[in-house]
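Trainee: In the numbering used here, the protein residues as written are 32 to 288.
1. Going by DSSP, name the residue or residues bridged to residue 194.
2. Would you say the region 176-189 touches the region 80-87, given that touching needs at least three Cβ pairs under 8 Å?
3. Out of 151, 75, 74, point me to the one whose CA is closest to residue 45's CA.
4. Counting along the chain, where does the beta strand (DSSP E) carrying residue 128 start and finish?
5. Could you check if residue 203 is buried or exposed, using at least 16 other CB atoms within 10 Å of its CB as the buried criterion?
6. Buried or exposed for residue 196, going by 16 or more other Cβ atoms inside 10 Å?
7. Return the first residue and the last residue of the alpha helix (DSSP H) that residue 214 is part of.
8. My assumption, with CB atoms under 8 Å, is that residue 97 sits in contact with residue 68. Please give the rounded CB distance.
9. Hey, would you say residue 273 sits closer than 7 Å to residue 256, going by beta carbons?
10. If we call anything under 7 Å between Cβ atoms a contact, is residue 103 one with residue 117?
11. By how many angstroms is the C-alpha of residue 271 removed from the C-alpha of residue 215?
12. Just checking my contact of residue 175 with residue 145 at CB under 8 Å: how many whole Å lie between their CB atoms?
13. Check residue 100 in the structure and name its three-state DSSP category.
14. When the Cα of residue 177 is compared with those of 210, 219, 50, 99, which residue comes out closest?
15. With a 10 Å radius around its C-beta and 16 neighbouring C-beta atoms as the bar for buried, classify residue 141 as buried or exposed.
16. Which term fits residue 241, buried or exposed, when burial requires 16 or more other beta carbons within 10 angstroms of its beta carbon?
17. Run the CB neighbour count on residue 39, radius 10 Å, all protein chains shown included, and call it buried at 16 or more, exposed below.
18. Let's test the definition: count the other Cβ atoms within 10 Å of the Cβ of residue 124 and tell me whether it reaches 16, buried, or not, exposed.
19. Does DSSP put residue 203 in a helix, a strand or coil?
20. Give me, in chain order, the residues of the same chain whose beta-carbon lies closer than 7 Å to that of residue 170; leave out the 5 immediate sequence neighbours on both sides.
21. When the Cα atoms are used, what is the spatial distance from residue 122 to residue 157?
22. Between 234, 231, 244, which has its C-alpha nearest residue 22's C-alpha?
23. Ignore the nearest five residues each way along the sequence and tell me which others in residue 130's own chain have a CB closer than 7 Å to its CB.
24. Look up residue 169 in the DSSP assignment and say whether it is helix, strand or coil.
25. Residues in its own chain within less than 8 Å of residue 63 by CB, not counting five upstream and five downstream?
26. I think residue 115 touches residue 193, with their Cβ atoms under 8 Å apart; what is that distance to the nearest whole Å?
27. Considering only the alpha carbon of each residue, which of 207, 168, 248 lies closest to residue 179?
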């Protein structure tokens, strides 16, 4: 895979935005929070799609501590979205946010989406973080809800990602990849597998983009500055997925929505 660094965030002369998007399952911050913050910060993200954010006692305070340590701010989600959350850099201008709780199946965990619409440079972007079900049938239904949610956000361009609890050959993963761009498949960079950090053998975490967004590179980052292999193993039980994307500038009709 490509080993050159991912492009840095910037606004192009035509108003399009090169952005860095990180997806990361942080296991309720039950592990080494300092190592976790080092990993997130070293990725230099504009947007962070979190899964398994703290959901219970003082969850807002815990998530705020991570955001502050990584020089980011909380955008949406956490306990109010049943786990998914969004963080962002100060580069992002927030237009709106919405936490979405999905239908509850008796005997299974409640799931949800953390969503937002943001502006970066001249680009307007929908964002969605998810953590799909362990149940195959429920997971497939949630994949459809994810696509419906993106379609209803009123934006031309969007990025979605998270812990799918499924490999690329699974039917829900294929459903998403059939409608969206699987960023790793489009422009692999770094390494592929995300679980588990000690012996990664499967890709169950992914980032997807709507048509029109150019993928400049996507994968598990290697050789992050100031981050050791021990940090990646200590931070949580998943590896992060980092993508660099070029998002076109908003068209006049999109601005009016």
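Glycine included, every Cβ here is placed at the ideal spot set by N, Cα and C.
Please read all numbers here as calculations on a predicted model, not as lab measurements.
Mentor: In short, the structure shows the following:
1. Position 163 of the chain shown holds residue 194. The secondary-structure analysis by DSSP pairs residue 194 across a beta bridge with 162, 236.
2. These segments do not touch.
3. To locate residue 45, count along the chain shown from 1; it is residue 14. Distances from the CA of residue 45 to each of 151, 75, 74 were compared; the closest alpha carbon is that of 151.
4. Residue mapping note: residue 128 aligns to position 97 of the chain shown, counting from 1. For residue 128, the enclosing beta strand (DSSP E) has its first and last residue at 124-132.
5. Counted from its first residue, the chain shown places residue 203 at position 172. Classified as buried, residue 203 has 16 or more neighbouring CB atoms from the shown chains inside 10 Å of its CB.
6. Looking up residue 196 in the chain shown gives position 165. Buried.
7. As a first step, residue 214 must be located in the chain shown, where it is residue number 183. Per DSSP, residue 214 is one residue of the alpha helix (DSSP H) stretching across 214-217.
8. As a position in the chain shown, residue 97 is number 66, starting the count at 1. As a position in the chain shown, residue 68 is number 37, starting the count at 1. The Cβ separation is near 6 Å, so the contact holds.
9. Indexing the chain shown from 1 puts residue 273 at position 242. Indexing the chain shown from 1 puts residue 256 at position 225. Not in contact: residue 273 and residue 256 (Cβ atoms no closer than 7 Å).
10. Your numbering for residue 103 matches position 72 in the chain shown. Your numbering for residue 117 matches position 86 in the chain shown. No, they are not a contact pair.
11. Translated into the one-based positions of the chain shown, residue 215 becomes position 184. Translated into the one-based positions of the chain shown, residue 271 becomes position 240. When rounded, the distance between both Cα atoms is 12 Å.
12. As a first step, residue 175 is located in the chain shown; it is residue number 144 there, counting from the start. As a first step, residue 145 is located in the chain shown; it is residue number 114 there, counting from the start. The C-beta distance from residue 175 to residue 145 rounds to 18 Å, too long to fall under 8 Å, and the pair is not in contact.
13. What you label residue 100 is simply residue 69 of the chain shown in a count that begins at 1. Assigned with DSSP and collapsed to three states, residue 100 falls in helix.
14. The sequence position of residue 177 within the chain shown is 146, counting from 1. Taking residue 177 as reference, the option from 210, 219, 50, 99 with the minimal CA-CA separation is 210.
15. Against the chain shown, residue 141 aligns to sequence position 110. Using a 10 angstroms sphere on the CB of residue 141, the tally of other CB atoms stays under 16, which defines it as exposed.
16. Counting from one through the chain shown, the residue named residue 241 turns up at place 210. Buried: at least 16 other Cβ atoms inside 10 Å.
17. Residue 39 sits at position 8 when you count from the first residue of the chain shown. Counting C-beta atoms within 10 angstroms of its own C-beta, residue 39 has fewer than 16 neighbours from the protein chains shown and is therefore classed as exposed.
18. For the purposes of this step, residue 124 is identified with residue 93 of the chain shown, where counting begins at 1. It counts as exposed.
19. Taking the chain shown and counting its residues from 1, the one referred to as residue 203 is at position 172. In the three-state scheme derived from DSSP, where H, G and I count as helix and E and B as strand, residue 203 is classed as helix.
20. In the chain shown, counting from the first residue as 1, residue 170 sits at position 139. Cβ contact annotation for residue 170 (same chain, cutoff 7 Å, sequence separation greater than five): 163, 164, 196, 197, 203, in chain order.
21. Within the chain shown, the letter at position 91 stands for residue 122. Within the chain shown, the letter at position 126 stands for residue 157. Spanning the two alpha carbons is a distance of roughly 15 Å.
22. As shown, the chain starts at 32 and ends at 288. That puts residue 22 outside it, with no answer to give.
23. In the chain shown, residue 130 corresponds to position 99, counting from 1. Hits under 7 Å: 107, 108, 111, 112, 143, 145.
24. Residue numbering aside, residue 169 sits at position 138 when the chain shown is read from its first letter. Helix at residue 169.
25. Against the chain shown, residue 63 aligns to sequence position 32. Counting only Cβ-Cβ distances below 8 Å, and skipping sequence neighbours, we find 262, 265, 266.
26. Looking up residue 115 in the chain shown gives position 84. Looking up residue 193 in the chain shown gives position 162. Residue 193 and residue 115 do touch by the CB rule: their CB atoms are close to 6 Å apart, below 8 Å.
27. For the purposes of this step, residue 179 is taken as residue 148 along the chain shown, with counting starting at 1. Residue 179 has its Cα closest to that of 207, out of 207, 168, 248.
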